[in-house]
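If you want our numbering, it's the 1-based position in the sequence shown plus 293. So the structure is just underneath, and the comments pick up after that.
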Amino acid sequence: MQAAVKISQLHKQFGNLTALSEVDFEIPKGSFFGLLGPNGAGKSTLINIIAGLVRASSGSVSVMGYDVVRNWRQARQCLGVVPQELVVDPFFTVSEMLRLQAGYFGCKSSAWIEELLEILNLSDKANTNLQELSGGMKRRVLIAQALVHKPDVVVLDEPTAGVDVELRQVLWKFIKQLHENGHTIVLTTHYLEEAEALCEKLAIIDNGKLVALDTKAALLARASDRFLCISLNNSDISNLPSLIKAKVESFIDDQLVLRLHKTQDEIGSILEGLLAANIRFSDLHIKEASLEDVFLSLTGKEKA
Ligand code: ADP
Numbered sequence: 294m295q296a297a298v299k300i301s302q303l304h305k306q307f308g309n310l311t312a313l314s315e316v317d318f319e320i321p322k323g324s325f326f327g328l329l330g331p332n333g334a335g336k337s338t339l340i341n342i343i344a345g346l347v348r349a350s351s352g353s354v355s356v357m358g359y360d361v362v363r364n365w366r367q368a369r370q371c372l373g374v375v376p377q378e379l380v381v382d383p384f385f386t387v388s389e390m391l392r393l394q395a396g397y398f399g400c401k402s403s404a405w406i407e408e409l410l411e412i413l414n415l416s417d418k419a420n421t422n423l424q425e426l427s428g429g430m431k432r433r434v435l436i437a438q439a440l441v442h443k444p445d446v447v448v449l450d451e452p453t454a455g456v457d458v459e460l461r462q463v464l465w466k467f468i469k470q471l472h473e474n475g476h477t478i479v480l481t482t483h484y485l486e487e488a489e490a491l492c493e494k495l496a497i498i499d500n501g502k503l504v505a506l507d508t509k510a511a512l513l514a515r516a517s518d519r520f521l522c523i524s525l526n527n528s529d530i531s532n533l534p535s536l537i538k539a540k541v542e543s544f545i546d547d548q549l550v551l552r553l554h555k556t557q558d559e560i561g562s563i564l565e566g567l568l569a570a571n572i573r574f575s576d577l578h579i580k581e582a583s584l585e586d587v588f589l590s591l592t593g594k595e596k597a
């Protein structure tokens, strides 16, 4: 099956700085794909090369089979990018800007624009100047702008950054709907819980290199640890045996969390150790490692 985005041996040099090195992977058609990495990893550079805004130093990228340099018109036609920055043109109303954007792509149907305005709750702002919109509204407009030509591939660069909970829900519902309608979704996000909830497949970039490319399930299975969360009956853990003390991840408000190795640590002997030290508890549960834990172990950094 043809890939939605094919990235081949991509390299980008900014002077002495190597922003991307030997990046080589495919984003499957119809997938919900996450692109993760710490700040400065090279995500925006990669998105900008896919969008044809930055030239690669070597290697190539194609979107729906069209090379982004040689067949840039067709590649652009297949792609919609929702940028991270809320930059809008102050000279137009919402409706004017969307019609102008649709015109660039030769789309004459205003029915789809009306539908986008409706779905994104922008209908009553159609005649408002872009400059007068709130941050959340601008975010919606940028999403509508990326979709006016119904692109096969939609790239969203941190779409929920600085967005309130309500708008975040609206956006995710809409993006899920786009995915169900067959669009390929490529997402970068600060919120790894979001990536974990939504993305089927993920690429992790660090220092310009691809450090992981796998399904979410396979990435989560890479985690070697899990967490034993215990509700203690009192907050005195001074008797904690040293072997258990070494496994303490956190201890807040009588809630003790121990980091256990999935195969090497036995929960039975941990509990026996607690009871032998006269430490009583009322409840316990296991929390499996999250995508964030895997991300941190792969990159050794705080998340992006
Ligand atoms: P991310 O989006 O993952 O935070 P970027 O792609 O923005 O990372 O940046 C990757 C690296 O390339 C960083 O070290 C950044 O400073 C550098 N970089 C990005 N754009 C430019 C540019 N136009 N000129 C010089 N260096 C750049």
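Just so you know, even glycine gets a beta-carbon here, dropped at the ideal spot from N, CA and C.
Give a yes or no on contact between the stretch 340–353 and the stretch 372–384, applying the rule of three or more CB pairs nearer than 8 Å. Yes: at least three Cβ pairs fall under 8 Å.
Buried/exposed call for A597, threshold 16 Cβ in 10 Å: Residue confidence is low: A597 scores 45 on pLDDT, short of 50, so the model does not pin down where it sits. No coordinate-derived value is stated.
Who are Q438's beta bridge partners in DSSP? The partner list for Q438 (beta bridge, DSSP) is empty, contrary to what the question assumes.
I'd like to check one pair, V356 with A368: are the Cβ atoms closer than 7 Å? Between A368 and V356, the CB-CB gap stays under 7 Å.
Proximal residues to L506 (C-beta, below 6 Å), its chain only, five neighbours per side dropped: The answer, listed in chain order, is F318, A496.
Contact shell at 6 Å, judged by CB to any heavy atom of ligand 2, ordered along the chain: In terms of ligand content, the structure shown lacks ligand 2 and carries ligand 1 instead.
Spatial neighbours of D616 within its chain, please: CB distance less than 6 Å, with the 5 preceding and 5 following residues excluded, ordered by chain position. The chain is shown only over 294 to 597; residue 616 falls outside these bounds and no answer can be derived.
Alpha carbon to alpha carbon, how far is N364 from L513? One Cα belongs to N364, the other to L513, and the distance between them is close to 38 Å.
Looking only at C-alpha atoms, which of N474, I498, V550 sits nearest to T482? The candidate whose alpha carbon is nearest that of T482 is I498.
Alpha carbon to alpha carbon, how far is E581 from L521? Give it in angstroms, no decimals. Cα-Cα distance, rounded: 9 Å.
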